[in-house]
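Working notes, structure below.
In our numbering, the protein residues as written are 8 to 434.
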């Protein structure tokens with residue numbers, strides 16, 4: 008079969024059926040981004056329906072590029088977190104217009120591409136100690152579980168303790184708990200497609216019981232004119248201002264290290280890292296051209312990987328579904344949080360198993376790893392969690408006289424993260 012040969016499916020001990028199932032699972036786990044990303048960017052004054060279409064097209068381009076070029080089962084979409092940074096920090100905080108912010112996205116994408124296409128990527132990747140690489144996986148797992156618990160209403164915000172147990176009698180919470188039991192049963196029995204079946208059954212239960220209702224705006228219609236306001240809509244006139252370059256530097260740091268961390272944490276085959284990293288960079292640049300915040304390798308890629316996705320066919324299938332979603336966008340809002348949350352919680356639990364690989368008995372290795380693990384979910388930012396761990400690592404090694412164990416680039420990485428923190432303190 009041509010598909011199998013092109014993506015080397017058998018070489019990766021997989022099958023076309025398994026890859027397709029993984030791609031479908033990944034799509035339904037990340038489909039919420041089509042609705043949520045436009046809501047966040049609309050706060051920046053950007054046209055909602057234009058951003059919605061830009062989100063879909065950027066995701067299609069990213070998934071196709073990742074699949075055909077890198078042959079990796081990683082899903083690329085505009086990232087949660089960086090979209091909030093784009094809207095609330097760069098535009099509302101620093102005063103850039105959304106067109107100038109798109110220009111900063113494009114320039115940061117170019118800088119990211121330079122890093123990804125040269126030996127810089129190897130220097131950066133190889134300089135990260137194994138303990139920190141494993142801690143990234145664990146931190147992302149906790150982050151994913153935290154998002155799932157939050158989406159499912161099992162935990163909620165508190166003005167006194169920041170986080171507290173949610174109302175277990177709330178319909179969304181009940182649906183999440185039932186969905187978690189169903190999906191855990193299917194997954195523990197090694198039933199193929201357990202995550203996708205779990206999502207479908209939980210959706211059905213939600214609507215049959217009346218715990219979930221169709222959204223009022225489910226009549227959404229996409230039009231081309233709002234998108235054309237965004238397409239090639241970047242304005243480079245502001246590039247002579249200091250805030251513009253602070254924004255560009257910050258975006259470059261975020262997209263470079265967040266994608267690097269995610270790929271180290273998620274890629275089943277680390278030999279694919281160079282091309283996958285380049286696919287990230289190209290798509291990050293494209294996102295600015297299409298009119299949205301930068302793309303990121305999504306943590307939800309873990310859903311497809313957990314279903315057995317090992318090749319780019321998984322990404323391509325997800326990309327095809329993103330393209331098809333243009334016609335069925337209204338129905339995506341019908342997938343309740345209670346159906347997605349169980350999958351995120353279970354995958355998070357699976358990723359935490361990597362903590363066994365961290366030498367916690369060595370404080371100079373274990374404590375920086377702990378900072379990454381704790382602060383990725385607690386700051387709700389992968390790149391901020393990485394920053395604390397990467398800064399602490401050389402400090403602790405120097406403190407105990409183990410200077411030779413510090414890769415030279417780690418000093419530069421730590422310094423860059425410090426500079427980024429300083430910038431953020433004054434904007």
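Note that the Cβ used here is the ideal one computed from N, Cα and C, for glycine as well.
- Within the same chain, and ignoring the five residues on either side of residue 354 in sequence, the residues whose Cβ sits closer than 7 Å to its Cβ are 151, 309, 310, 313.
- Here the C-alpha atom of residue 287 lies approximately 9 Å from the C-alpha atom of residue 263.
- DSSP, reduced to helix, strand and coil, places residue 38 outside both helices and strands of the structure shown, so it counts as coil.
- Sequence-distant Cβ neighbours of residue 10 in its own chain, meaning closer than 6 Å and more than five residues away, are 23.
- The three-state secondary structure of residue 166, taken from DSSP, is coil.
- In the structure shown, the three-state DSSP call for residue 22 is coil.
- An exposed status is given to residue 20, since fewer than 16 other beta-carbon atoms sit within 10 Å of its beta-carbon.
- Assigned with DSSP and collapsed to three states, residue 366 falls in coil, not helix or strand.
- For residue 302, the secondary structure class from DSSP, reduced to helix, strand or coil, is strand.
- For the set 326, 418, 334, 425, the Cα lying nearest the Cα of residue 26 is the one of 326.
- Residue 85: member of the beta strand (DSSP E) spanning 83–85, first to last residue.
- Rounded to the nearest whole angstrom, the C-alpha separation of residue 284 and residue 75 is 14 Å.
- Counting only unbroken stretches of 3 or more residues, the beta strand (DSSP E) elements lying wholly within the stretch 302–353 are 302–304, in sequence order.
- The stretch 131–186 is shown to contain whole alpha helix (DSSP H) runs of 4 or more residues at 137–158, in chain order.
- Residue 66 and residue 79 have their alpha carbons spaced roughly 15 Å apart.
- If the five residues before and after residue 154 are omitted, its C-beta is found closer than 6 Å to the C-beta atoms of 351, all from its own chain and listed in chain order.
- Beyond the five residues adjoining it in sequence on each side, residue 53 comes within less than 6 Å, by CB distance, of 105 in the same chain, given in chain order.
- For residue 158, the number of other beta carbons within 10 angstroms of its own is at least 16, and it is reported as buried.
- When rounded, the separation of the alpha-carbon atoms in residue 233 and residue 295 is 15 Å.
- With a beta-carbon spacing of about 6 Å, residue 45 and residue 62 fall inside the 8 Å limit used to define contacts.
- The closest CA to that of residue 84, considering only 212, 132, 266, 236, is found on 266.
- In the three-state scheme derived from DSSP, where H, G and I count as helix and E and B as strand, residue 207 is classed as helix.
- If you look at residue 429, you'll find it in the alpha helix (DSSP H) that goes 415–432.
- Going by beta carbons, residue 186 and residue 160 fall outside the 8 Å limit.
- With respect to residue 358, residue 148 sits close: the two C-beta atoms are nearer than 8 Å.
- Across the structure, residue 247 and residue 344 are spaced so that their CA atoms are roughly 44 Å apart.
- Apart from the 5 residues on each side of it in sequence, residue 163 sits with its Cβ closer than 7 Å to the Cβ of 171, 173 in its chain, given in chain order.
- Here DSSP, grouped into helix, strand and coil, assigns residue 252 to helix.
- A distance below 7 Å between beta-carbons, with the five flanking residues on each side excluded, links residue 258 to the following residues of its chain, in chain order: 111, 112, 115, 301.
- Straight across, the Cα-Cα distance linking residue 272 with residue 367 is about 18 Å.
- In terms of Cβ geometry, residue 14 and residue 318 form a close pair [threshold 8 Å].
- In the three-state DSSP reduction, residue 112 falls in the helix class (H, G or I).
- In the structure shown, residue 246 adopts helical secondary structure according to DSSP, grouped into three states.
- The straight-line gap separating the alpha-carbon atoms of residue 346 and residue 156 is approximately 12 Å.
- Excluding residues up to 5 positions away in sequence, 260 lie with their Cβ nearer than 8 Å to the Cβ of residue 423 in the same chain.
- Here DSSP, grouped into helix, strand and coil, assigns residue 273 to helix.
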